[in-house]
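Beneath this line is the structure, given in structure tokens, with notes to follow.
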Ligand SMILES: [Zn+2]
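In the working numbering, the protein residues as written are 67 to 367.
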């Protein structure tokens, strides 16, 4: 059975604050299992996937999806994470193996691995002809601060974002999770200062999850002093949407000459999904069939 994350979406009863809390341990563990990432890459990618999942459930349409792309100038290269509207998500890093010394405080140096010169892109595909694309400069490459800055700079929504991934000595994932709190329009000053006090003393996501707190417990702690209403609960998982049909559709957009150059000496073309490492094989005949079907007029000449 696939292990799932646990996510909660809440609102304060006075409708001034919305909060999403996600225990993404199972999801990030699956990302590490697939990509066999070094610890600092697991942390960076895990944080971005966790953020994508939380932003996924904020999408309005059932079939909408969101893509987060971080292209910092650090050794990890570009990071990608995609989520559907139920928080089911996937992601990859261009470089899975990056070794960096720990920071002075003993933590993984995610900021250095990602780099702080670059952009965070947020692409929402809502079924229209063009996806909505927003972007903001990276602040620290630590991902959570970059997400907070994105919401402030690009969407003018005051946001608190906390993300954490704790790695075991054997490189598996011990805990991972995220918190996304947003102020709703016309949030009064006293609510903001109460929230700021809560956040100032809030332990890290990984220490709260590690001590056995559930997303609901974490939500109550972050919104201490507020009455909370649970809007929805989710059980998102690491899920890839790739299929042989989708690969065929990409091939169909290529020129016949380009396609005919793809097969190796055995006449085979191998395509590996970057998100889940699934391998698709196409024979020379398969490609000819795709060419025939995508250019029906040519067959009559
Ligand atoms: Zn896939």
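Ideal placement from N, C-alpha and C gives every residue a C-beta, glycine not left out. Please read these numbers as outputs of a predicted model, since none were measured by experiment.
Among the options, which residue has its Cα nearest to the Cα of residue i?
i	options	result
residue 92	132, 112, 181, 104	112
residue 187	155, 163, 145	145
residue 312	333, 104, 337	337
residue 149	228, 270, 122, 209	122
residue 357	347, 314, 345, 285	314
residue 158	330, 252, 208, 101	101
residue 431	298, 301, 359, 237	Because residue 431 is not part of the residues shown, which for the chain are 67 to 367, the question remains open.
residue 309	296, 347, 291	347
residue 141	129, 295, 184	184
residue 173	194, 118, 217, 234	234
residue 307	353, 324, 320, 343	343
residue 349	305, 284, 326	326
residue 151	212, 196, 302, 321	302
residue 79	284, 321, 253	253
residue 116	72, 106, 250, 219	72
residue 211	197, 196, 247	247
With DSSP collapsed to three states, give me the class of residue i.
i	result
residue 294	strand
residue 367	Caution applies to residue 367, whose pLDDT of 48 falls short of 50 and renders its modelled position unreliable; the value that the coordinates give is listed next. If DSSP states are grouped into helix, strand and coil, residue 367 belongs with coil.
residue 228	strand
residue 221	coil
residue 339	coil
residue 70	coil
residue 253	coil
residue 321	coil
residue 359	helix
residue 99	helix
residue 133	strand
residue 147	strand
residue 258	helix
residue 208	coil
residue 305	coil
residue 351	helix
In or out: residue i buried (at least 16 other Cβ within 10 Å) or exposed?
i	result
residue 138	buried
residue 199	exposed
residue 109	buried
residue 96	buried
residue 154	buried
residue 341	buried
residue 367	Residue placement at residue 367 is poorly supported in this model, since its pLDDT is 48, which falls under 50; the coordinates still yield a value, given next. Under this definition residue 367 is an exposed residue.
residue 368	Past the edges of the chain, shown from 67 to 367, lies residue 368, and the structure says nothing about it.
residue 160	exposed
residue 99	exposed
residue 133	buried
residue 267	exposed
residue 128	exposed
residue 361	exposed
residue 125	buried
residue 119	buried
residue 169	exposed
Does ligand 1 have a heavy atom nearer than 7 Å to the CB of residue i?
i	result
residue 341	yes
residue 344	yes
residue 76	no
residue 306	yes
Touching or not, the segment 268-286 and the segment 233-242, by the rule of three or more beta carbon pairs under 8 Å? At 8 Å Cβ cutoff, the stretches touch.
Spell out a yes or no on whether the segment 214-223 and the segment 75-93 are touching, meaning 3 or more CB-CB pairs, one atom from each, closer than 8 Å. no
Touching by the beta-carbon criterion (3+ pairs, under 8 Å), the segment 191-206 and the segment 80-87: no
Would you check if there are 3 or more beta carbon pairs closer than 8 Å linking the segment 328-337 to the segment 285-293? Flag = no, the segment 328-337 and the segment 285-293 do not touch.
contact_flag[the segment 260-271, the segment 228-235] where n(CB pairs < 8 Å) is 3 or more: yes
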